[in-house]
Amino acid sequence: MTGLYELGAVVPSFKALGASAGGDPVIAIRRASAPLPATLSILLLSCGDGPAADAAADVPLAPATEDLYTVGEYAGKDWENFTRVDKVAFDASGNLHIFDPEAMRIVVVDQDGDLLREIGGEGEGPGELSYPFGFEILWDGRVAIYEFPPAWQLYDPQGEFVEEVPIDIFAGAPGSLLMARRGGRIVTRGGLRMARPDQESEEEADPHRRSIELFALGGSGPEVLYRAWNLEPTKLDEERMRAFEPGLHLGMLSDGRLAVVDSMGYRVKLIGVDGTVVGAVERPIAPEPVTDAIRAAERKRRRDAFEALAEELGEQMRDNQLDQVDNMVFTEVIPVIAGMAVDAGDLIWVERAGPGGDGPGPIDILTADGAYIGTLPTDGPRIPDAFGPDGLMAYIETDELDVPSVRVIRMTLKKSRTP
């Protein structure tokens, strides 16, 4: 029979059962009856409930996609001639904001891909931009653009300029990754802090760890929300090229929790609003060991990439990079997770590394409380550059002439089960 099922009838989910060796709460498998979030419906083709699912086995998902529109053409309308697209984001109504920093503007289009408005523009007047780095849509619909000299340029939901809030670069400036949290606060990583001439540098405990910071829009300096794990460098390898280092992937949940991936294993930490680890979602998928064959293949991939950039890099820089490839340092295993994001319905998308760390891997989809929904195939849709309401997904693309465009689709998922 064919029908719509509640999530708990078909897939395992998770609950906190104590702590891991590192002291963080761990999520363990159980059966659940929580309904599936409305953003993605799962159509089950089945006869009966069948046996309980194995937590380590993938449940294949068949994505159904609908192309909605593409904007950004070499011979298109003037407003869609983008110079460079660094970021896209949907608002709560499904309108897409397209950030073109070289043109110093944000282009906003509706759900049909038609122009609604432009925000910013080059200049020195109120609401005009001089050197924008990034932007984010706040929970109340306002748009915040971060630019240099360090300041937040704030606009109302209709794109009208509201105010400029300066940022004290000596206290710390945000990075280009900006993620809105309720209450007009922004999470960021990789920011910049300058020391005053008479200021003594402060030694940080565990300097190899990666700080995730929280900015208020009232002009105060940042506070460290969480310090993510990282491999501790040694004197031997800290200046050498390194392969298969753990990434740092962030995703914001609607209740203010932050999903963080910072390890070699399959682990998504959930960071509470106070910066403590309040949970962690895991699947029993082990990292792939790095073998001699994998080392050789990775060196070849990097050599080929640098050779292809010979004209752009110049001969001396290319040769220097090739020497570093020969002496690069490898981790013992390849991180399981290559990418992670949270969609508009609080579903967590986890991209696993491909075999040998080469190319894209499958994508797991889980709920915010840890219920495993299923896995998208390697040749299916990838994690988009932006998620929107009602299954909207936006991808930044370039053609053979490096002309940028943005493609928007809507996706639903089908899952097939055998009796």
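Numbering-wise (this note's numbering), the sequence shown opens with residue 4 and increments by one.
Beta carbons are placed, not taken as given, at the ideal position from N, Cα and C, and that holds for glycine.
In this structure, the alpha-carbon of VAL332 lies about 49 Å from that of VAL165. For LYS303, the enclosing alpha helix (DSSP H) covers residues 295-311.
For GLN156, the pairing in a beta bridge is given by DSSP as ILE148 and GLU167. DSSP, read as helix, strand or coil, puts GLU127 in coil.
LEU395 is classed as buried because its beta carbon has at least 16 other beta carbons within 10 Å across all chains shown. The residue among ILE189, GLY360 and LEU350 with its C-alpha nearest the C-alpha of ASP367 is LEU350.
In the displayed model, PRO358 falls within a helix according to three-state DSSP. With at least 16 other beta carbons inside 10 angstroms of its own, SER214 counts as buried.
For secondary structure counted as the beta strand (DSSP E) over 3 or more consecutive residues, the region 333-404 holds these complete runs in sequence order: 340-345, 351-356, 363-369, 375-379 and 395-401. A residue is called buried once 16 or more other Cβ atoms fall within 10 Å of its Cβ, and PHE390 is buried on that count. In this structure, PHE136 lies near SER179, with their beta-carbon atoms less than 8 Å apart. Proximity to ASP382 across ALA60, ALA59, TRP155 and PRO66 peaks at PRO66, based on C-alpha coordinates.
Sixteen is the threshold: since fewer than 16 other Cβ atoms of the shown chains lie within 10 Å of the Cβ of TYR134, the residue is exposed. Burial is judged here by how many other beta carbons sit within 10 angstroms of a residue's own beta carbon; ALA397 has at least 16 and is buried. In this structure GLY162 is in contact with ARG120, their Cβ atoms being roughly 5 Å apart against a cut-off of 8 Å. Distance check between HIS211 and each of ASP277, PRO236, PRO200 and LYS303 places PRO236 closest, using alpha-carbon atoms only. Annotated as distal: ILE399 and VAL411, with beta-carbon spacing of 8 Å or more. Annotated three-state conformation of ARG321 is helix, per DSSP.
The shortest CA-to-CA distance from GLU354 to any of GLY124, HIS252, ASP209 and GLY175 is the one to HIS252. Taken atom to atom, the span from the alpha-carbon of LEU118 to that of VAL190 is near 29 Å.
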